[in-house]
Each structure stands twice: as structure tokens, then as C-alpha cells.
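Participant: My questions all concern the structure below.
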């Protein structure tokens, strides 16, 4: 047993080959959900068992509100975003209640408009010990809207290529920093009006020399591409969509990349060169949050609010695919609301709404290996699952992790408990697992 606990507040296969070399796979987790936004660590081998007193390499207390910003890892750096409430009040601001709607699956309601100014920071820690390397405040501003009670003002994750870091703070702007924390460029983004005052989310994505952002809200929704080096706008396409919280996903079809965005009205694939729609497909439910995954010449799209839908859409087609044989197979029950699906080898894992109930399908055929099986010990799930070394890791909002065997039968290997609430998706790099909770960031290793 290796126990090294330190609690200190810090100071300030089809996936696009952009991140697919084995060197990158072993050393880094460059974007939300890692290599190709897949949630899979090909060479990772983190512990199966841990607790507050077992297999904790380090534990660092979080200073600000960034409990939904999943970290990224490059080399010896671990990077995430945060919002820190200051004691500076905007003299002209008056707290106003935001529109709200209560739903058991959401777990809360939208909060009112704040009156205090927030610092929006990019934070870099040392992977070896969790100590601060640098912290950069990119803007200090009064948020124009509130957020859902379950999270804060930073539900975005950064993305990096090892040379630069891109941080999308939504209505607070888009920023590019170098690996030492120096701002290279920044762009103002429109202020979004979010449905029910639930706050913003959805991370930026890299494809070739472009940084892709999605801005779906109750105003003029759009998807846009910026030059990743200079920040110059390349293209912008309007979208007929209301608020969504999904992240654009990159796949390769017919030897070329596509940007796939699953959403309420239509799932669309965009050409990275110009933003033109390549194909579109209807059928998802309302309030799409999960990001797709891809494999076997298909992209798998899911949603689970006011209905259930899992679609396996064949790649290589163009035009309107709704109701055509381009949909290889689909499922209309027990699909996720917040957590994204996980494709690991030939198995596709999906949770039910935000609950601790899992189903597993053969990704190629749609045959169910099992459906609606309880992951005992978890209480609610927002985090998307991750996989490594023949195992799948499901993180509960109560700080519990259920580790199962990647198998056609549900086989639980361990149930691990930490003293925190966790909504961030897990990060796996080498033999280390990183879990970021409401209060602390954990590095779990033997």
C-alpha cells in the first residue's frame, strides 16, 4: 500500500489522428475525455481500489469554483479552469431571480444573477505533487446570469496540444495561453442567454489548425472556427438550436475529418474547412448534453431528457439521414441525460438518465449484453465513464467509484469511496487516475 496524503490549498478505430500516437496516449490527456474525447486510456493502468487512506498519491484542496471543469494533462502539468468569487460588488447590480424549472433528473434549479465580481482563472499544477506551477486570471467580471445549483460558472474544460492551452469561458471569452501561463490571444464571445438560467457548458475542440466552439443558447446560436495560433476567425455558421451543453466531436469519414454535434433538432456533421453541413439526422431528445463517441465506421449519439435515444449512425453519407438505413441501429430506452457514452473495444456503455443504472451493447450490431443493471453504491452520475486496462470506471456524485470488468456480463471489481462530491469526468494517464471533486483534486496511484 502506498499512502501519501497532502492537503494544501493551491495559490493562484476512427478518431481523428490529431492525438492518437502511442506517445500521446501514454503521456497525456489533452482534452475533455482524453484522446479523441473517447474516455479511453489505451496504455493506462490505474488502481482498482482506493480510499481516503489507500492509494492516494496526493490530494489538493480547491480554492475556487471549478468543480465541473475536468482537468487536462500534458507532461508534468495538470490544467483546469476555475471561477473565484471576489469581495468586489458591482454597485449597479441587483440580484434578480432567473427563470428556473425543477426536475428530479437535474437535481436543482437555476440560481439568480450574482452581484459579486468573479475572477476567471486557468490553473496549472505539478502532476508529481499537486503543487501550484502557475495561475492566470484571464478576466475579472460580473457574470450576467446565474447557474444551476449543481455547478458554478465554469463547466468548460481546457484543451492543449502541449505548446498552447485554449480556455473557453463562454460569455466570459475565449483565451489562448502558452504552457507558462502567458496569454497569447483572446476573443470576446457573445453573452449567452441560457435556458432556465442553468449556466453554460461544453468545451472547445481542436481539429487541424482550428479551434471549434459551440454557442447554443436562447439567442442566435452558432458554431465557429478560429485559427488556433492567431485567434483569427475562420468561419461561423448559424444553428437552428436552443440551449445545449454538448462538446463538438471530431471523427474521420472517407479520409477526412468531420465535426459532429448532437443536438435536439438535428445531429449535424460539419466540414472543418468551411463549416458547411455534410449530413444531418433527427431523432434525439430535448436538452442534449452527451458528446458522441465513434468506432466501426459509426458515430454513437445519445440523449435522455424527456425520452431516450441511442443512435448508431453510419459515417460516409451525406444529406438528411433521418429515417434512412444510415441509422445502423438504435435504442429507445435507458439512455443518459448528462453522462456521455463510452465505447471500449466492441462494447458501448450507457447510463440511464443521471442514475447509477448501466446498459451495455455490442457496438457493431446493437445486441444488448445487458440492460438496466444497478451499480450499487453510486448515488447519481454526472461524470462520463472512462476505461483502461480492461476495466470501466463509473464515478458517482457521492464520491463513490464503481470499477467493472469490460465484459458481456456485469462484473463489479471494486467500489471505492472518497469524502467529496464528484461531477467531473475521470482522467487516466499512465498508472494514475485523477478525480476532481467539489472540494479537492485527487491523484490516485499505487
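In the numbering used here, the protein residues as written are 1338 to 1783.
Note that CB positions come from ideal geometry on N, CA and C, so glycine has one too.
All of these numbers come straight from a predicted model, not from anything done at the bench.
#1: Just to confirm the assignment, what range does the beta strand (DSSP E) spanning residue 1728 have?
#2: Based on the DSSP secondary-structure assignment, which residues constitute the bridge partners of residue 1656?
#3: Beta strand (DSSP E) containing residue 1576: first to last residue?
#4: If I measure Cβ to Cβ from residue 1384 and keep anything under 7 Å in the same chain, skipping five residues before and after, which residues do I get?
#5: Could you name the residues that DSSP lists as bridge partners for residue 1415?
#6: Helix, strand or coil: which one does DSSP assign to residue 1374?
#7: Would residue 1532 and residue 1580 be called neighbours here (beta carbons separated by less than 8 Å)?
#8: Assign residue 1508 to one of three DSSP states: helix, strand, or coil.
#9: Per DSSP, which one or two residues make a beta bridge with residue 1640?
#10: Residue ranges of each beta strand (DSSP E) run of no fewer than 3 residues wholly in the segment 1529–1605, ordered along the chain?
#11: Grab me the residues of residue 1646's own chain with a C-beta within less than 8 Å of its C-beta, minus the 5 sequence neighbours each way, in chain order.
#12: Between the segment 1696–1708 and the segment 1397–1406, do at least 3 Cβ pairs fall closer than 8 Å?
#13: By alpha-carbon positions, which one of 1545, 1764, 1537 ends up nearest to residue 1490?
#14: Taking C-beta to C-beta, are residue 1739 and residue 1755 nearer than 8 Å?
#15: Since residue 1741 contacts residue 1749 with CB under 8 Å, what's their CB separation in whole angstroms?
#16: Considering only the alpha carbon of each residue, which of 1763, 1401, 1526, 1779 lies closest to residue 1376?
#17: Quick one: is residue 1573 buried, meaning 16 or more other Cβ sit within 10 Å of its Cβ, or exposed?
#18: So, with DSSP's three-state summary, where would you put residue 1364?
#19: For the candidate residues 1408, 1458, 1604, 1415, whose alpha-carbon lies nearest to that of residue 1423?
#20: Closer than 6 Å by C-beta to residue 1497: which residues in its own chain qualify, once you throw out the five before and the five after it? Chain order, please.
#21: Cα separation between residue 1657 and residue 1649?
#22: Whether or not the segment 1504–1513 and the segment 1468–1476 are in contact is what I'm after, with contact meaning three or more pairs of Cβ atoms, one per stretch, closer than 8 Å; do they touch?
Facilitator: Let me lay it out:
#1: The residue given as residue 1728 occupies position 391 in the chain shown. Unbroken beta strand (DSSP E) run through residue 1728: 1728–1732.
#2: Position 319 of the chain shown, counting from 1, holds the residue named residue 1656. Partner(s): 1616.
#3: The sequence position of residue 1576 within the chain shown is 239, counting from 1. Note, residue 1576: premise wrong, no beta strand (DSSP E); not H, not E.
#4: Position 47 of the chain shown, counting from 1, holds the residue named residue 1384. The answer, listed in chain order, is 1392, 1770, 1781, 1782, 1783.
#5: Within the chain shown, the letter at position 78 stands for residue 1415. According to DSSP, which records beta bridges pairwise, residue 1415 is partnered with 1410, 1462.
#6: As a first step, residue 1374 must be located in the chain shown, where it is residue number 37. The answer is helix: DSSP assigns residue 1374 an H, G or I state.
#7: Translated into positions along the chain shown, residue 1532 becomes position 195. Translated into positions along the chain shown, residue 1580 becomes position 243. Yes, the pair counts as a contact, with Cβ atoms nearer than the cut-off.
#8: Within the chain shown, residue 1508 is the residue found at index 171, counting from 1. Of the three classes helix, strand and coil, the one that applies to residue 1508 here is helix, per DSSP.
#9: Sequence index remark: in the chain shown, residue 1640 carries index 303 (1-based). Looking at the DSSP assignment, residue 1640 forms a beta bridge with 1646.
#10: Counting whole runs of 3 or more residues, the segment 1529–1605 contains the beta strand (DSSP E) stretches 1542–1544, 1547–1552, 1559–1564, 1570–1575, 1586–1590, 1593–1598.
#11: Here residue 1646 is taken as the residue at index 309 of the chain shown, counted from 1. The residues are 1620, 1621, 1622, 1638, 1639, 1640, 1667, 1668, 1669, 1672.
#12: no
#13: On the chain shown, position 153 is the one that residue 1490 refers to. Residue 1490 has its Cα closest to that of 1537, out of 1545, 1764, 1537.
#14: In the chain shown, counting from the first residue as 1, residue 1739 sits at position 402. In the chain shown, counting from the first residue as 1, residue 1755 sits at position 418. At least 8 Å separates the beta-carbon of residue 1739 from that of residue 1755.
#15: Locating residue 1741 in the chain shown gives position 404, where the first residue counts as 1. Locating residue 1749 in the chain shown gives position 412, where the first residue counts as 1. About 5 Å; that satisfies the 8 Å criterion.
#16: Mapped onto the chain shown, residue 1376 falls at position 39. Among 1763, 1401, 1526, 1779, the Cα nearest to that of residue 1376 belongs to 1763.
#17: The residue you call residue 1573 lines up with position 236 of the chain shown. Per the 10 Å Cβ criterion, exposed.
#18: In the chain shown, residue 1364 corresponds to position 27, counting from 1. In the structure shown, the three-state DSSP call for residue 1364 is helix.
#19: On the chain shown, residue 1423 is found 86 positions in, with the first residue counted as 1. Taking only the C-alpha atoms, the option nearest residue 1423 is 1458.
#20: As a position in the chain shown, residue 1497 is number 160, starting the count at 1. So the qualifying residues of the chain are 1367, 1409, 1411.
#21: The residue given as residue 1657 occupies position 320 in the chain shown. The residue given as residue 1649 occupies position 312 in the chain shown. Roughly 15 Å separates the two Cα atoms.
#22: yes
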